[in-house]
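Adding 1144 to a residue's 1-based position in the sequence shown gives its number in my numbering.
Yeah, the Cβ is synthetic: ideal placement off N, Cα and C, and Gly gets one too.
The structure presented is a predicted model; accordingly, all values stated were derived computationally and were not measured.
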Amino acid sequence: MIVLAGPGSGKTTVITERTKYLIQNYGINPMEILVITFTKAAAQEMRQRFLRLMEQEQTQVTFGTFHAIFFGILKHAYHFTGENILREDQKHQYLKDIVGRMNLDIEDEADFIGGIISEISLVKNDQIPLEHYYSTTCSENAFRDIYQKYQQRLERENRLDFDDMLVYTYQLLKERPDILLGWQNRYRYILVDEFQDINTIQYEIVKMLAAPENNIFIVGDDDQSIYRFRGAKPEIMLNFPKEFKDTKTILLDQNFRCTGNIVKAAELVIRHNQMRFQKNMKEVKESGDKIELHTFANQPQECAHIIKKVQEYIKQDYQYSDIAILFRTNTDARLLAEKFMEYNIPFKMRDSMPNIYDHWIAKNVISYIHLALGSRERREFLQVMNRPNRYIGRECIDEAQVSLENLKKYYDDKHWVVERIEQLEYQLNILKRMNPYAAINFIRHGIGYEAYLNEYADFRKIKAEDLYEVLNEMQEGAKDFKTFEAWFAHIEEYTKALNDQAKEQNRVSNAVTFTTLHSSKGLEFANVFIIDINEGIIPHRKAILDADMQEERRMFYVGMTRAKEHLHMYSIRERYGKNLMPSVFLENLKQDVKTAG
């Protein structure tokens, strides 16, 4: 059976009630029931709800995540313990060791290793033969080398990572029909929550466990499938009725969470997706207030308006925790976070917001400015001496303080290097007289740092525009400062505030929630603001294929349906000096729905 459970339709209740129904009406042995979820928190909540429903303190029904269930199977077969599981910090260290021994030109090691980790996971979960996988982080040969060395170390030390739990379980059940039969007899009734997020290998294992009786009960919403980047395959859910011919489909089409206007608006957006189960969500609540759609000239105006609105909600006796700010990526809310800090409005981040000034590009820019202001620290000079390339070798810089005069003497037989050093001196002299905004612009175009980024992007096979974003954001943040001293003081204050905010994160309960659209899934708030709904932001500029656009639309739909009472959706006309178009998602809405603004 497949239950299509739209937003706010009470899907958790469905699974617990179904489990109770199997036990009480059909006399099913609780030990034979397996309930699978995607997160530990969801498994615990489901179990607690079931116990309350049954008025029991214990149950023999198994509630667990895919990883927990599959690791249980491996424990029985191979006698693994928790010691065999590779922790995330250990995985990071393993890969850091491997990459460190390879001759790769990497600027941001953390970013590079993060990319490798995601790709290793994708290869394992999608069961992609290594020779057919093309890396987006580095060359194919480098990726295969890293992958093989990583796997060899895991095997040497008798360890497995989280993805291996799935791979090993799949291989075990495939190769040992006797073991598979044992687990098929143990779990004769399988219920899967959030089925739209399942990936290939998880699905293959579930099918093996469910055979031959195929007592599978799945709950999900194909319109809320937003994890393709992690390997989730929404088409698995769409094809489920074709694969299991006798599948019954039940539609939970009443939204108990959102007001009528929000439900209708969300439907107008999602109906533009072609690859989906056709459904039409109905509201239970009154129409409620109109949705606010507004376009601002720029981000500062947008931020000022949001702060005003938040203050109004607090005056209306809402709590800060009744309010959420939603955005596409965890860097989109930086300016708003700064303004919240200025106005002492408490907020908490669902996703860690990286400090822009910690980025290697930002550090390069700041090093250039420090050098212009007279610093000659070796560390700072090394960062930028060949960005762009000036053909200066590290071997001639062995003092703690760098002397440009000594450098010129060292290269007196190479006039082209001396010319570049003299040009650098001249550029630093110009740079020191500028304000921060103009200085960043001069570093980009006058000194030629942007040309260096283009070369780096070509080498890494990434888009240079993604690197320019850091410079764009720095320039935007520097606009208000006339002197380097004031700007550096601001950077220091901002960094401290961000660190303090991260420490307070779990201590503050009454705070506005800042969250990406991805991380908002499963949450609900009285008042929701979705910001920067523009082409290239929402939907993201990397969404080129139709499948990508459908995923972006689903993500936006998820964001809209987090709002219980009030929904505010904002776009801007300009960012970083470039004109922006409103999102196609907003254009769909403006034609049809009751909106304010």
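- request: Can you give me the start and stop residues for the alpha helix (DSSP H) that V1672 sits inside?
  value: Segment 1669-1674 is the beta strand (DSSP E) holding V1672; no alpha helix (DSSP H) there.
message: If I follow the unbroken alpha helix (DSSP H) through F1306, where does it start and stop?
response: 1306-1319
- prompt: Going by C-alpha distance, which of H1710, A1186, D1676, I1177 is nearest C1447?
  reply: D1676
message: If I follow the unbroken alpha helix (DSSP H) through Y1165, where does it start and stop?
response: 1155-1170
- prompt: Is it the case that the Cβ atoms of D1390 and G1150 are separated by a distance below 9 Å?
  reply: no
field: Inter-residue Cα distance where the pair is I1370 and R1698
entry: 7 Å
query: I1362 to K1351, Cα distance in whole Å?
result: 12 Å
task: State buried or exposed for I1394, treating a residue as buried only when at least 16 other CB atoms are found within 10 Å of its CB.
output: exposed
C-alpha gap between E1539 and M1529, whole angstroms: 13 Å
message: Using 8 Å as the cut-off, can you tell me whether the region 1338-1350 makes contact with the region 1393-1412, which would need three or more C-beta pairs spanning the two stretches below that distance?
response: no
- request: Just the C-alpha distance for Q1445 and A1477, rounded to the nearest angstrom, thanks.
  value: 14 Å
task: Throw me the rounded Cβ distance for the K1240 and I1257 pair, which I believe falls under 8 Å.
output: 6 Å
- prompt: Which residues bound the alpha helix (DSSP H) around A1409?
  reply: 1404-1414
Buried or exposed (CB count within 10 angstroms, at least 16 for buried), Y1222: exposed
message: Within the continuous beta strand (DSSP E) that includes M1493, where are the two ends?
response: 1491-1493
- prompt: Between L1412 and E1731, what straight-line distance do the alpha-carbon atoms span, to the nearest angstrom?
  reply: 11 Å
message: When you compare the CB positions of L1615 and I1505, do they come within less than 9 Å of one another, or not?
response: yes
- prompt: Can the beta-carbon of K1219 be found less than 9 Å from the beta-carbon of F1194?
  reply: no
field: Beta-carbon proximity of N1678 to H1712, cut-off 9 Å
entry: no
- request: Determine the closest residue to L1575 out of D1557, V1509, F1625, L1526, with distance taken between C-alpha atoms.
  value: V1509
- prompt: Skipping 5 residues on each side, what residues in its chain have a beta carbon closer than 6 Å to that of A1187?
  reply: T1181, F1207, G1208, T1209
message: Going by DSSP, what residue range makes up the alpha helix (DSSP H) through L1711?
response: Run containing L1711: none in the alpha helix (DSSP H); it sits in the beta strand (DSSP E), 1707-1716.
Residue of M1198, E1301, I1159 minimising C-alpha distance to E1227: E1301
task: Would you tell me roughly how many angstroms separate the C-alpha atoms of R1245 and I1272, rounded to the nearest one?
output: 26 Å
message: Let's test the definition: count the other Cβ atoms within 10 Å of the Cβ of M1618 and tell me whether it reaches 16, buried, or not, exposed.
response: buried
message: Which of the three DSSP states is assigned to R1303 in this structure?
response: coil
message: Can you find the residues in the same chain that come closer than 8 Å, C-beta to C-beta, to I1213, ignoring five residues on each side of it along the sequence?
response: L1178, I1180, T1206
field: Complete runs of the alpha helix (DSSP H) confined to the region 1229-1259 [at least 4 residues]
entry: 1232-1244
- request: With DSSP collapsed to three states, give me the class of Q1271.
  value: coil
query: Considering F1210, what are the terminal residues of the alpha helix (DSSP H) in which it resides?
result: 1210-1222
- prompt: For H1438, does the three-state DSSP call read helix, strand or coil?
  reply: strand
message: My output table needs one value for T1475: the three-state DSSP class, helix, strand or coil.
response: coil
- request: Compare the beta carbon distance of I1450 and Y1714 with 9 Å and say whether it is the shorter of the two.
  value: yes
- request: Could you check what DSSP says for N1579 in three-state terms: helix, strand or coil?
  value: coil
field: Alpha-carbon to alpha-carbon, T1183 and L1310
entry: 15 Å
query: With distances taken from CA atoms, which of S1265, K1268, I1264, Q1237 is nearest E1253?
result: Q1237
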